[in-house]
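Reading through the structure tokens given below for one structure.
Numbering (our numbering), first residue to last: 320 to 597.
See below:
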């Protein structure tokens, strides 16, 4: 198959390729953190200079730690809710391969990939679908797709995953999104949050964003992850993972030194929030 040359626009950004590349690199390691054999075949279908991201050692480790954290939390939620109908919604799915990674461990679970139409079309060309994997072409901030899912899967437990997504939107946008979910669903929302310090970093100083044209700026910085509970009484923080505290032996030397400083160590957290859970 001839590698596809990608035409970038407002929906399709080079940021789609960063996580894909780092998952593929991780899988080449003798002892990978995530272990994703599906990303490299997708990468090989794309005509793109992925190697320019190779120096992003911070982002590479953080990307796969984050993906593994969310995979593990999804599996843990499924174990705790055995016998329930389970629906996993990847919000801002991009080129993620989670349905392929988890389908054997979650038999019967439904996976929905939500993203803008151009991204879903590209995903359809590049990423194989697992058996119970469906697509939703919509903005995450619309509510029609939420109403559709609630009606289609009445009584199900929902898992919404925003992986590398929330920081690109404002607090009013993300808080409205979370409230809209809380009004409709029972389950969990998993997302990663940057601190205000990390969100203030200009893209030109970021270890991988500096290499792409027109990089997006971070808009959301949250220092206290419990503050999201104030957005709606139905939202409750269940778990926090400090990225740089996980797999410390896998981080580069610079990261091991910098993590001494709490401002840097706490710059990124993965969080799990309950929605309408008793």
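Virtual Cβ for every residue (Gly too), placed ideally from N, Cα, C.
For residue 446, which residues in the same chain have their Cβ closer than 7 Å to its Cβ, ignoring the five residues on either side in sequence?
Contacts found: 361, 414, 416.
To the nearest angstrom, how far is the alpha carbon of residue 554 from that of residue 324?
Using only the alpha carbons, I get a separation of about 42 Å.
When you compare only the Cα positions, how much space is there between residue 343 and residue 581?
Distance between the alpha carbons of residue 343 and residue 581: 30 Å.
What is the residue span of the beta strand (DSSP E) that residue 431 lies within?
Here the beta strand (DSSP E) through residue 431 covers 429-434.
Can you check which of these residues, 488, 358, 377, is closest to residue 583 by C-alpha distance?
Closest option to residue 583, Cα to Cα, is 377.
Taking a contact to mean a Cβ-Cβ separation below 9 Å, would you say residue 540 touches residue 516 in this structure?
Closer than 9 Å, so yes.
My guess is that residue 433 and residue 450 are in contact by the Cβ rule of under 8 Å, so how many angstroms apart are they, rounded?
Not confirmed; about 19 Å, so no contact.
Taking C-beta to C-beta, are residue 454 and residue 435 nearer than 9 Å?
Judged by their CB atoms, residue 454 and residue 435 are not nearer to each other than the 9 Å cut-off.
Comparing C-alpha positions only, which one of 470, 547, 437 sits nearest to residue 490?
Residue 490 has its Cα closest to that of 547, out of 470, 547, 437.
State the Cα-Cα distance for the pair residue 355 and residue 340, rounded to the nearest angstrom.
In this structure, the CA atom of residue 355 is about 11 Å from the CA atom of residue 340.
Going along the chain, which residues of its own chain have a beta-carbon closer than 6 Å to the beta-carbon of residue 334, five neighbours each way excluded?
Here the set comprises nothing.
Candidates 592, 382, 543: which alpha carbon is nearest residue 664's?
Nothing about residue 664 can be reported from this structure: the residues present for the chain run from 320 to 597 only.
Examine the Cβ distances between the region 468-476 and the region 396-404 and report whether three or more of them are shorter than 8 Å.
The way I'd put it, the region 468-476 does touch the region 396-404; three or more beta-carbon pairs between them come closer than 8 Å.
Is it true that the region 460-471 meets the region 383-399, where meeting means three or more beta-carbon pairs spaced less than 8 Å apart?
Not touching, per the Cβ criterion.
Answer with buried or exposed for residue 332, where buried requires no fewer than 16 other C-beta atoms within 10 angstroms of its C-beta.
So residue 332 ends up on the buried side.
For residue 558, the residue or residues it bridges with in DSSP:
Assignment of beta-bridge partners to residue 558 by DSSP yields 591.
Taking all protein chains shown into account, do 16 or more other C-beta atoms lie within 10 angstroms of the C-beta of residue 336, making it buried, or fewer, making it exposed?
The residue is buried, with at least 16 neighbouring Cβ atoms inside 10 Å.
Hey, quick one: how far does the alpha helix (DSSP H) through residue 476 stretch, first residue to last?
Residue 476 -> not in any alpha helix (DSSP H); beta strand (DSSP E) instead, spanning 476-481.
Among residues of its own chain, excluding the 5 on either side of residue 523, which ones have a beta-carbon nearer than 6 Å to its beta-carbon?
Cβ neighbours of residue 523 beyond the five flanking positions: 529.
Could you pull out every unbroken alpha helix (DSSP H) segment of at least 4 residues lying fully inside the region 520-580, listed in chain order?
Restricting attention to alpha helix (DSSP H) runs no shorter than 4 residues, the region 520-580 encloses them at 572-577, ordered along the chain.
Using DSSP with H/G/I as helix, E/B as strand and the rest coil, what is residue 497?
It is helical.
Bridge partners of residue 507, per DSSP?
For residue 507, DSSP records a beta bridge to 478, 593.
On a Cα-Cα basis, can you pick out the residue from 538, 531, 470, 375 that is closest to residue 494?
Out of 538, 531, 470, 375, 538 has the C-alpha closest to the C-alpha of residue 494.
Do residue 452 and residue 426 count as a contact pair if the criterion is CB distance below 9 Å?
No.
Ranges of the beta strand (DSSP E) found wholly within the region 343-430, counting only runs of at least 3:
Runs found: 405-410.
On the CB-based measure, 16 or more other CB atoms within 10 Å of its CB, does residue 338 come out buried or exposed?
Around the CB of residue 338, 16 or more other CB atoms lie within 10 Å, so the residue is classed as buried.
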